[in-house]
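Numbered by the working numbering, the letters in the sequence shown go through residues 1301 to 1669 in order. What follows is one structure encoded as structure tokens, with my remarks underneath.
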Amino acid sequence: MTEPAPMTATTGDVRRHRVIVIRGDGIGPELIDATLPVIDAVARKHGGFQLDFVEHEAGAGLYLREGQSLRPETMAAIRQADAMFKAPVGLPDVRRDDGTEAGLLGGLRVGLDTYANVRPVRLMPGVDAPIKADPGSIDYVIVRENTEGLYLSRGKGVGTTEVMTDTMLISRKGTERIARFAFELARTRNGAPEDGRRRVTCVDKANVLSSLAYFRQIFDEVGALYPDIEQEHLYADAAAQELVQRPGHYDVLVMENLLGDILSDLGGATVGGIGLCCSANIGDDHAYFEPIHGSAPGLAGLDRANPISQILAAAMMFDHLGETPAADSIRWAVDEVLGSATVVLGPSGQPNGGTKAAAQAVVDVIGNT
Ligand code: IPM
Ligand code: MN
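The structure is reproduced here in structure tokens:
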């Protein structure tokens, strides 16, 4: 892979991007601390833009002190900003009355209507994946519907002390827009590693659940507008097998919220663990970027967590902000440090020299090339 050339710095206007930063809980703050120098390094290298960061506190720590995990003024600031950059939040012991964690999901994903949760699964060089595959032979994106499905009730399920329910909601509008998003994304990609064909796979349980049969029906309706993209259906249980046995066949997969949650962790495991996996939450008006994993409080403060998920989330943010060379430089540098074994991941996915050293290796590669 050749390194992306630095963009010519504009002498006149500097593009300014306003970014809200949430440092999160557990390992969150150290992931952000490790990633900011990477962001600085690509900003220096490529020039022409500047990120104006404003930090806001949110998450379980805040909930403990204030009884709210997200302040209204933080939401207002995110709505005004060009993007939000977020570390994992949540602590297992900090729960609401119904037992669900005091996280930010409802507030952010639904509140900002970021309906597309985009989760790349890519096997990078040098990674000792648990399945037999070469770098480049696994490269697909899970497009997880992010605002409805079985996550709709989010801690507001209906029941009594003897029974509890959550409802799967699939709407026409919600499914049309996520299907469109998946097809548009496929048009920007190079197709599946196996055969280079652009393909969108609808993952569902249309054989059992009416809600997901409806999801499939609407996927097909939207798909008719994209005759240039190959289209197929796959049951979610079969998908769990396929993503292990034949991952190279997949390009873009679109699915309901909970299915996307589960299968993106499975996909992450096949390419070396979710410590390497980033995501974008994208809506028509707002977007934010975060690792797919949680805040791992047991590792907090130990300088052991893998910062690569957070670093690659920054690359996704640069893509969104239109700073593509900066995004490509980050991905290229991550491939470089892993491929050259400058950063080696242990069996549980933690980098040999620790969090800071792994991020510094990425900074060094960006700075030296
Ligand atoms: C994710 C996470 C969240 C989810 C948790 C932290 C609530 O697992 O982003 O995948 O369930 O969506
Ligand atoms: Mn998850």
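Every residue gets a Cβ at the ideal spot worked out from N, C-alpha and C, and that includes glycine.
Nearer than 8 angstroms: is that true of the beta carbon of I1592 relative to any heavy atom of ligand 1?
yes
Identity of the residues DSSP links to D1352 by a beta bridge:
Paired residues: R1318.
Thinking just about the alpha-carbon of each residue, which of C1578, K1456, A1387 and S1648 is nearest to the one in D1397?
K1456
4-residue-minimum alpha helix (DSSP H) runs that sit fully inside the stretch 1517-1563, ordered along the chain
1536-1545
Contacts around R1318, its chain only, beta-carbon distance under 6 angstroms, and the 5 residues preceding and following it disregarded:
D1352, A1381 and D1382
Considering Cα atoms alone, identify which of A1334, R1323 and E1330 is closest to D1664.
A1334
Considering only the alpha carbon of each residue, which of L1364, D1561 and G1328 lies closest to A1540?
D1561
Going by Cα to Cα distance, which pick from G1399, I1327 and V1314 is closest to A1596?
If we check each option's Cα against that of A1596, I1327 comes out closest.
Can you give me the C-alpha to C-alpha distance between V1580 and H1620, rounded to a whole angstrom?
The sequence shown places Ala at residue 1580, not Val. Their backbone Cα atoms lie some 9 angstroms apart in a straight line.
With N1417 as the anchor, note down where its beta strand (DSSP E) starts and where it stops.
Unbroken beta strand (DSSP E) run through N1417: A1416 to R1422.
Inter-residue Cα distance where the pair is P1607 and D1528
38 angstroms
Check for me: the alpha helix (DSSP H) holding S1609 runs from which residue to which?
Per DSSP, S1609 belongs to the alpha helix (DSSP H) from I1608 to H1620.
Could you spell out the range, first to last residue, of the alpha helix (DSSP H) harbouring A1605?
Segment: none, A1605 is in no alpha helix (DSSP H) and carries neither H nor E.
So which of R1419, G1359, L1423 and A1416 has the shortest CA-CA distance to P1392?
G1359
Is it right to say S1510 is buried, meaning 16 or more other beta carbons lie within 10 angstroms of its own, or is it exposed?
exposed
Looking at E1556: is its Cβ nearer than 9 angstroms to the Cβ of L1512?
yes
Do three or more CB pairs link the stretch 1407-1421 to the stretch 1573-1588 at distances below 8 angstroms?
yes
So, do the stretch 1393-1412 and the stretch 1451-1466 have three or more beta carbon pairs nearer to each other than 8 angstroms?
yes
Pairwise C-alpha distance: M1375 and L1413
Per the sequence shown, residue 1413 should be read as Asp rather than Leu. Those two C-alpha atoms are separated by around 12 angstroms.
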